[in-house]
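Undergrad: Its first residue numbered 212, the sequence shown is counted upward by one per residue in the numbering used here. Every residue, glycine too, gets a C-beta built ideally from N, C-alpha and C.
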Amino acid sequence: MSVDEAPTISALSYEGLTAVTADGRPATFALLDEHGHVIAAGMHVAEAAWTTSIQAYREFLMGRGHLRVFTKAEVLRGMGDLESD
Numbered sequence: 212m213s214v215d216e217a218p219t220i221s222a223l224s225y226e227g228l229t230a231v232t233a234d235g236r237p238a239t240f241a242l243l244d245e246h247g248h249v250i251a252a253g254m255h256v257a258e259a260a261w262t263t264s265i266q267a268y269r270e271f272l273m274g275r276g277h278l279r280v281f282t283k284a285e286v287l288r289g290m291g292d293l294e295s296d
């Protein structure tokens with residue numbers, strides 16, 4: 212895949228994560244298992260990724276040394292599995 216064919220992920224503090232295809236169409240965030248099956252998809256996946264990333268960064272800035280932050284599977288399970296938002 213060349214750079215011209217690659218999707219783009221962006222982040223804004225007031226918007227969270229968004230993604231678009233190479234030609235600018237909206238894209239959906241998804242979690243895949245090791246076989247490539249979609250196990251969760253939609254804006255809730257993007258929101259969970261954003262929240263987890265922000266929390267890890269905050270922990271780092273506060274000097275707590277936590278470089279790994281987890282979002283529980285139960286949170287993702289109730290976030291519109293396989294539904295498009």
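Should the region 238-257 be regarded as contacting the region 216-230, the criterion being three or more beta carbon pairs within less than 8 Å?
TA: yes
Undergrad: Identify, in the order they occur along the chain, each residue of the same chain with its Cβ nearer than 6 Å to the Cβ of Gly291, setting aside the five sequence neighbours on each side.
TA: As a working note, residue 291 is residue 80 in the sequence shown. Confidence at Gly291 is low in this model, with a pLDDT of 47, below 50, so the placement of that residue is unreliable and no value is reported for it.
Undergrad: If you reduce the DSSP assignment to three classes, tell me which class Thr239 lands in.
TA: Your numbering for residue 239 matches position 28 in the sequence shown. For Thr239, the three-state secondary structure derived from DSSP is coil.
Undergrad: Residue range of the alpha helix (DSSP H) that Ser264 falls in?
TA: Taking the sequence shown and counting its residues from 1, one reaches residue 264 at position 53. From DSSP, the alpha helix (DSSP H) with Ser264 extends over Met254 to Leu272.
Undergrad: Bridge partners for Thr232 per DSSP, in chain order?
TA: Within the sequence shown, numbered from 1, the residue matching residue 232 stands at position 21. The partner list for Thr232 (beta bridge, DSSP) is empty, contrary to what the question assumes.
Undergrad: Between Ala260 and the rest of its own chain, which residues show a CB-CB distance below 7 Å, the 5 nearest in sequence each way excluded?
TA: Residue 260 sits at position 49 when you count from the first residue of the sequence shown. Excluding sequence neighbours, Ala260 sits near Leu228 and Phe240.
Undergrad: When the Cα of Val231 is compared with those of Tyr225, Gln266, Glu245 and Ala257, which residue comes out closest?
TA: Your numbering for residue 231 matches position 20 in the sequence shown. Answer by Cα proximity: Ala257.
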